[in-house]
Every structure is written in C-alpha cells, then in structure tokens.
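Have a look at the structure below before the remarks.
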Amino acid sequence: MLGLRLEERGLECRQLNIDTAPPAAADLLNVIREIGSGIEILPDAQKETILGSSHVQGQNTRLWRFAFKEAGEPDTLPGRIPPPDEISLICDHARQCHDKSHEEFSWNVEVHHRLLQAILREPGTCKGKPFNYSTCTTARPHRKYVPYSSTAKMVDFCLYLDDEADTAALQALGRRTPTLTVNHTDFAPVQLTPIVLSIETKRPGKELDAAQLQMGVWHTAQWAFLEYVIGLTTRPLSVEEEILRRQKADAALLELGLIPGIIIQGHRWHFVFSTREGNKTVLWTERQFGTTQSILDTYSVVAGIRELSRWAKDVYVPWFRNNVLSGFQVEGG
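To convert, note that position 149 of the sequence shown is 149 in UniProt numbering; the numbers rise steadily by one, no gaps.
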C-alpha cells in the first residue's frame, strides 16, 4: 500500500465516516444505511407470506416491525425477493460453513452463489433481468490499467448487464480496447457484458485488509479503463480529437462520481465504494448492510443487492451508454 499511496495513478483506502461521506455517495449511502438497520427492506405485499411462513412463525415479530414498506408503495427494484424457505436454506448453509470452518471457496459455492442466484435469476433459468452474475476468481485486470506499484488483483463475483439491446455497439467497443472486451479484464465470460458491481469474499475473521486491497486495485483498473474508453469511436482519433476526448473523460468520470462494491467476510456483507481524486482512486470502507445469520438479516442482503442493482440500472448503465457506447451506436440503434 505504501507505493500505491505515492503513485500518481495509485490507490488510497480510507475509513468511511457516514456523516462526512463524499457527496456523490450520499444518497446511495443513506439507503444502504437504512437497509443495514432493517428499515423498509421488503414490500408490504410480501408481509403476510413472510410472517406467515413456518420458518418465521415463533420468532419475535417485533424484530420485523420496521422491515416492510408502507402499503401500496410499489416494488420497482430489479431482481427477485426469494421466499422464506429459500432464505432459510441459505442461512443453514452459512451456519454449516461457519461452524465447520469452511474455506473461502466453500462459502462462495454453498452460500454466496446460492444467494446471488436466488436474487438475480428466476427459478429454472440462467438469465438475469436486467442483471446477472458470474464467478470471476481468475479474471485479472489488464496490466495497462493496473498501477505500476501493484500486481493484478482479482475479485470473486461480478454483476453485469444481461441485455442484448447494445450488442452491436458493445462488439464495436471491444474491437477498440486492449482487452478485446468491454471491461478492464479479458475474462471471456463477460466479454460483451459491462460489469456494474464487483464482490470480493473472505472467510470469517480473515484478511479484511487484503480484501480491501484487492477491491481497491480492481476498482483502480476499472476507473482507468473507463477513462480510456470514454469518447472512443470506431475510427482512430486525431491528436486534436484525443485532447478533446480526454477533457470529456475527466468531466464524465466526475459525473459518474463513484463505483460501488461489496466485500463479504463470512456471514457479513459490507458496502464499499471508490471515488477519484485527480488520477488517484480512493476506496472508502466499509458499511455492513446485512448478514446470513438470520432470515431477517439475509433479507437485508437481498435489499442491498437489489438497491445496488437499481443504482446500476438508473445511473451506471445510462451513463455508460451516453459516454462510452455513444461513439459506437449504429445508425438507427
């Protein structure tokens, strides 16, 4: 970390102070904060089904008194709300992993994969709407985008846009990048699907500093990639056009403001995010928003994933289309 702090295009990790958070993160952070407190994490339409479930009956229902939104408030978040029996089974798997001291790989397979699948994919399908996820433990950020004083760092899962609407533009973009993809990594499974959220996992009580470094370097590469691709077109740019493109990139990255991420440590799910200060990436850590220790707490994880998917749908994807894909759109596309 010492070298990364000194590097012009390096990385700093800072402790998040909720009351003095960067303005770009204020709205999203307020929602994540409420989710972490179990406030309005579920639609009222689910109340009877969940509280009437045999997996919840007999619990202290006062714990659920703030969990449901007001009656009539529509549920417009992306993703699915798994029923209590699915959530209960995931909690059982998490308890087994904890009690039997399973390694990170087992947590990923038995718990985190199951929960992401339950949220992002409809039963019996492998498609997401509009976002899907993939394991990406072997995905390395391209050397061009990694700080000089760091080796490539990898994460465990990524959420990506699962939508064929922009296929032609994404293919054209991929032809113009060093990775031959639309991301900062040449990981083939997400070649033409923009990554919108990354997740790093660790077993309980282990290596939180290492997880932060991995996420920070991964985000640093993602920011550098976005800076590179903003304003590109299907043809090479002149010197004057490249100067204007770089100016546009600075303004566009400022408009985006942040890139969110998640660090999971055993049961506990933590929200992190990165911002840019000049050419340097700052990773802000961390705010717990849920755990897999109980059904109620796991529904907080569900709400957090769905809320971050909403941010991706409402903020990141329109920004990406406007600032990155616009130079590759075919006429009439």
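Every residue, glycine too, gets a C-beta built ideally from N, C-alpha and C.
Taking C-beta to C-beta, are residue i and residue j nearer than 8 angstroms?
i: Gly231; j: Ile35; result: no
i: Trp284; j: Val301; result: no
i: Leu120; j: Asn132; result: yes
i: Asp44; j: Glu73; result: yes
i: Arg276; j: Trp223; result: yes
i: Cys274; j: Leu258; result: The sequence given here places Ser at residue 274; Cys does not occur at that position. Going by C-beta atoms, Ser274 is nearer than 8 angstroms to Leu258.
i: Lys153; j: Gln214; result: yes
i: Ile90; j: Thr292; result: yes
i: Gly216; j: Trp269; result: no
i: Val324; j: Val229; result: yes
i: Arg246; j: Leu237; result: no
Give a single yes or no on whether residue i has its beta carbon closer than 7 angstroms to a heavy atom of the ligand GDP.
i: Thr61; result: No copy of the ligand GDP occurs in the structure displayed, which carries no ligand at all.
For residue i, name the three-state secondary structure that DSSP assigns.
i: Ser106; result: helix
i: residue 360; result: Beyond the ends of the chain as shown, which are 1 and 333, falls residue 360; an answer cannot be given.
i: Phe187; result: coil
i: Lys144; result: helix
i: Leu77; result: coil
i: Lys313; result: helix
i: Gln329; result: coil
i: Leu237; result: coil
i: Lys280; result: strand
i: Cys97; result: helix
i: Ser88; result: helix
Is it right to say residue i is buried, meaning 16 or more other beta carbons lie within 10 angstroms of its own, or is it exposed?
i: residue 395; result: Past the boundaries of the shown model lies residue 395; the chain is included only from 1 to 333, so the question cannot be answered.
i: Tyr316; result: buried
i: Pro141; result: buried
i: Lys313; result: buried
i: Asn108; result: buried
i: Tyr148; result: exposed
i: Ile41; result: buried
i: Val165; result: For the sequence presented, residue 165 should be read as Ala rather than Val. Burial call: exposed.
i: Ala71; result: exposed
i: Leu180; result: exposed
i: Val298; result: The residue you asked about is not Val; residue 298 is Thr in the sequence shown. Burial call: buried.
i: Glu122; result: exposed
i: Leu2; result: exposed
i: Glu104; result: buried
i: Ile18; result: exposed
Less than 6 angstroms between C-beta atoms, sequence neighbours within five positions excluded: which residues of the same chain meet that for residue i?
i: Leu77; result: Arg306 and Arg310
i: Thr193; result: Tyr160 and Leu161
i: Ala221; result: Pro141, Tyr145, Val146 and His184
i: Arg5; result: Glu12
i: Cys136; result: Cys158 and Phe187
So, at 7 angstroms on beta carbons, what are the nonlocal neighbours of residue i in its own chain, with the 5 sequence-adjacent residues on each side left out?
i: Gly332; result: For Gly332, the predicted model reports a pLDDT of 47, less than 50, meaning its position is unreliable; a value from the coordinates is still stated below. Same-chain partners within the cutoff: there are none.
When the cut-off is 8 angstroms and only beta carbons count, does residue i lie next to chain C?
i: Leu161; result: Checking the listed chains, one finds no chain C in this structure; it contains a single protein chain.
Using a Cβ-Cβ cutoff of less than 8 angstroms, which residues in the same chain neighbour residue i once the five nearest sequence positions on both sides are dropped?
i: Gln212; result: Cys13, Ile263, Val272, Leu283, Thr285 and Glu286
field: Three CB pairs or more closer than 8 angstroms across the stretch 92-111 and the stretch 49-67
entry: no
query: On the three-pair Cβ rule with 8 angstroms, is the stretch 236-255 touching the stretch 189-204?
result: no
field: At least 3 beta-carbon pairs within less than 8 angstroms: the stretch 203-215 vs the stretch 167-176
entry: no
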